[in-house]
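Engineer: Please find one structure pasted underneath; my questions will follow.
Protein chains: 2
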Amino acid sequence: MTHSEENYIKAIFHLGLEGVGVISTNALAERMETKPSSVTDMMRRLSEKGLVNYKKYQGVSLTDLGTKMALSIIRKHRLWEVFLVEKLDFNWDEVHEIAEQLEHIESEKLIDKLDELLNYPKFDPHGDPIPGKNGEFLERDNLLLSQLSIGSTGICVGVKDSSAVFLRFLDKNKIALGNEIKILDKEEFDNSLHILVDQRELHLSQQIANNLYVKKI
Amino acid sequence: MTHSEENYIKAIFHLGLEGVGVISTNALAERMETKPSSVTDMMRRLSEKGLVNYKKYQGVSLTDLGTKMALSIIRKHRLWEVFLVEKLDFNWDEVHEIAEQLEHIESEKLIDKLDELLNYPKFDPHGDPIPGKNGEFLERDNLLLSQLSIGSTGICVGVKDSSAVFLRFLDKNKIALGNEIKILDKEEFDNSLHILVDQRELHLSQQIANNLYVKKI
DNA sequence: ACAAATATTTAGATTTGTCTAAATTTATTA
DNA sequence: TAATAAATTTAGACAAATCTAAATATTTGT
């Protein structure tokens, strides 16, 4: 597998998790920041290798083999992210780009050893679950902070948007994974929230609340 | 820089250290396991980028910029090798191939942090010196075990051949970097050696002795 | 259900890195 | 030093991954 092929496989997997239904050439092109014609070419190649189901004009999906590959790449990506944060002291907003490169390193043993060094983590620094060595993959509950009702409390377990800007916003406001967040009030007008986190009262826009995963307690 | 370009730069640097004089297209082709015509193409490209001095039929050498690049890649390679051995418990015969991939990861900060994690090592697991962040590069004394005279003692400081077969031979015979080796006798016929290492008497062929670097004491 | 809009694919070109075969230059040696 | 051998470069081709522009298919709206 080339790096490019791996990146397409990963993108198809992520689109599959997000949206429902088939994945269109255009959607994939947008995700890959490339042109639809390039996607068509690549789909033909991946289809020949048995990694995707592709029929002209019918959209694309991963085969079992393709899904296995995707999980392997995502496992590598997320383990490397944990390594960067836990062992090399990177901030969670700096690790994505480096992990994008490291995820393509080929060595089963390397990943197993890394997993061991990190003590078999189940989640990456953004709260995303790390697929197991044999492809086990438990999706996290996708309850968003914006879905909690007034008065209830949740533990922050992940971010939906893991862009550096969003992560730095959370840092600035001292909101971290593991924090308890209580919904004090909700504005009817814009659905913004008044919350209590760590003894502090904060005001969060709906957009922020839409990008924080919580576990209700 | 593409991976391929980096590999050529590295190969030119290593050939420069080994042999004397200019580096020929054929020598580089052999080292890169490719065809001379491919080398010619690549030399033109690297020359345009200012990384090598290249004139048709005149051989090639690195520019200052090319040398800086080579040292940076070698630094990354060797730091990753230390990481694999020290932190992930790999044997010294398993790390080269993985480091060949890792050396192409782009992130200055990553390498600085790795250097720090490993406590600023000066040598890799094979005893090769690790270039500094600013391009400092001290070549190791290149005294070979085969050059020691009878009765003298040296500390094993490196291997010239770092192929897995040779490294496993050393493991099998419990010869490791740091060991003291005393030359007990030398056979005139084949220049093989009788040595004392770690209280044990061993018999080494000249070929083995030609691939072990020592520091005389 | 047909025309217009949208999505997708095809055709043909480009870049990188490679190859083989042919041409050319440099080195050797008789 | 001239011919032969060896080394090197050129020419032309190919695969991967991309692009633009044109052609084709599908979807939508009236």
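Those sequence lines, one after another, are chains A and B. Just so we're aligned, residue -10 is where the first sequence starts under the numbering used here, counting upward by one. Just so we're aligned, residue -10 is where the second sequence starts under the numbering used here, counting upward by one. Cβ atoms here follow ideal geometry from the backbone N, Cα and C, with glycine treated the same way.
1) Start and end of the beta strand (DSSP E) containing residue 174/B?
2) Give the single residue among 65/B, 162/B, 134/B, 147/B whose Cα lies nearest to the Cα of residue 119/B.
3) Below 7 angstroms on C-beta distance, what does residue 78/B contact in chain A?
4) Over the uninterrupted beta strand (DSSP E) stretch that includes residue 189/A, give me the two end residues.
5) From the DSSP output, read off the bridge partner residues of residue 12/B.
6) Per DSSP, what kind of secondary structure is residue 42/B in: helix, strand or coil?
7) Below 6 angstroms CB to CB, which residues in the same chain sit around residue 134/B once its five sequence neighbours on both sides are set aside?
8) Please compile the residues from chain B whose C-beta is within a distance smaller than 7 angstroms of the C-beta of residue 156/A.
9) By DSSP, does residue 66/B sit in helix, in strand, or in coil?
10) Check each residue of the segment 82 to 108 of chain A: if its Cβ is closer than 7 angstroms to any Cβ of chain B, include it; give the result in chain order.
11) Along the chain, which unbroken stretches of the alpha helix (DSSP H) at least 4 residues long are found entirely within the segment 97 to 155 of chain B?
12) Residue 73/A CB to nearest chain B CB: under 9 angstroms?
13) My assumption, with CB atoms under 8 angstroms, is that residue 50/B sits in contact with residue 12/B. Please give the rounded CB distance.
14) Could you give the residue range of the alpha helix (DSSP H) that holds residue -1/A?
15) Contact between the segment 134 to 154 of chain B and the segment 166 to 176 of chain B: three or more CB pairs below 8 angstroms?
16) On the DSSP letters alone, give me the boundaries of the alpha helix (DSSP H) that residue 77/A sits inside.
17) Rounded to a whole number of angstroms, what is the C-alpha to C-alpha distance between residue 62/A and residue 6/A?
18) Just tell me which of 191/A, 177/A, 9/A has its CA closest to the CA of residue 162/A.
19) Let me make sure I understand the geometry here. Which of 117/A, 71/A, 2/A has the alpha-carbon closest to that of residue 149/A?
20) In this structure, what does DSSP give as the bridge partners for residue 183/B?
21) By DSSP, does residue 219/A sit in helix, in strand, or in coil?
22) Helix, strand or coil, according to DSSP, for residue 165/A in the structure here?
23) With 16 other CB atoms within 10 Å as the buried threshold, where does residue 8/B fall?
24) Assign residue 93/A to one of three DSSP states: helix, strand, or coil.
25) Excluding the 5 residues flanking residue 67/A on each side, which residues of the same chain have their C-beta closer than 7 angstroms to its C-beta?
26) Please report the distance separating the alpha-carbon of residue 188/A from that of residue 171/A.
27) Do residue 139/A and residue 173/A have their beta-carbon atoms positioned less than 9 angstroms apart in this structure?
28) Which same chain residues end up closer than 6 angstroms to residue 137/B when comparing Cβ atoms and leaving out the 5 residues on each side of it in sequence?
29) Specify whether the segment 119 to 132 of chain A and the segment 175 to 182 of chain A touch according to this definition: at least 3 beta carbon pairs, one from each stretch, less than 8 angstroms apart.
30) Count the other CB atoms, across all protein chains shown, that sit within 10 Å of the CB of residue 22/A; report buried if there are 16 or more and exposed otherwise.
31) Out of 84/B, 97/B, 45/B, 96/B, which has the shortest C-alpha to C-alpha gap to residue 95/A?
32) Please say whether residue 73/B and residue 99/A have beta carbons closer to each other than 9 angstroms?
33) Measure the C-alpha to C-alpha separation of residue 57/A and residue 121/B and round it to an integer number of angstroms.
34) Around the C-beta of residue 160/A, are 16 or more other C-beta atoms found within 10 angstroms, so that it is buried, or is it exposed?
Structural biologist: In short, the structure shows the following:
1) First-last of the beta strand (DSSP E) with residue 174/B: 169 to 175.
2) Ranked by Cα distance from residue 119/B, the first of 65/B, 162/B, 134/B, 147/B is 65/B.
3) Going along chain A in sequence order, the residues near residue 78/B (Cβ under 7 angstroms) are 102.
4) First-last of the beta strand (DSSP E) with residue 189/A: 189 to 193.
5) Residue 12/B is bridged to 49/B.
6) The answer is strand: DSSP assigns residue 42/B an E or B state.
7) In the same chain as residue 134/B, and ignoring 5 residues on each side of it, the C-beta atoms closer than 6 angstroms to its own belong to 198, 201, 203, in chain order.
8) Residues of chain B passing the Cβ test: none, with the nearest at roughly 17 angstroms.
9) Here residue 66/B sits in helix by DSSP.
10) Residues passing the 7 angstroms Cβ filter: 87, 90, 91, 94, 95, 96, 99, 102, 103, 106.
11) When DSSP assignments are scanned along the segment 97 to 155 of chain B, the uninterrupted stretches of alpha helix (DSSP H) that are 4 or more residues long and fall wholly within it turn out to be 97 to 106.
12) The Cβ of residue 73/A sits closer than 9 angstroms to at least one Cβ of chain B.
13) About 7 angstroms separates the CB atoms of residue 50/B and residue 12/B; that is less than 8 angstroms, so the two are in contact.
14) Here the alpha helix (DSSP H) through residue -1/A covers -8 to 7.
15) These segments touch.
16) Segment: none, residue 77/A is in no alpha helix (DSSP H) and carries neither H nor E.
17) Distance from the CA of residue 62/A to the CA of residue 6/A, rounded to the nearest whole angstrom, comes to 15 angstroms.
18) Relative to the Cα of residue 162/A, the nearest Cα in the group 191/A, 177/A, 9/A belongs to 191/A.
19) Measuring from the Cα of residue 149/A, the nearest candidate turns out to be 117/A.
20) In DSSP, residue 183/B forms a bridge with 174/B, 192/B.
21) Missing from the structure shown is residue 219/A; chain A here goes from -10 to 206 and no further.
22) Residue 165/A falls in the coil class under three-state DSSP.
23) That one is exposed.
24) Collapsing the DSSP output to three states places residue 93/A in coil.
25) Hits under 7 angstroms: 113, 117, 119.
26) Note on geometry: alpha-carbon atoms of residue 188/A and residue 171/A lie some 10 angstroms from one another.
27) The Cβ atoms of residue 173/A and residue 139/A lie closer than 9 angstroms to each other.
28) Excluding residues within five positions, the ones whose Cβ falls inside 6 angstroms are 143, 172.
29) The segment 119 to 132 of chain A vs the segment 175 to 182 of chain A: no contact.
30) Residue 22/A comes out exposed.
31) The shortest Cα separation from residue 95/A among 84/B, 97/B, 45/B, 96/B belongs to 84/B.
32) Yes, the pair counts as a contact, with Cβ atoms nearer than the cut-off.
33) Using only the alpha carbons, I get a separation of about 40 angstroms.
34) So residue 160/A ends up on the exposed side.
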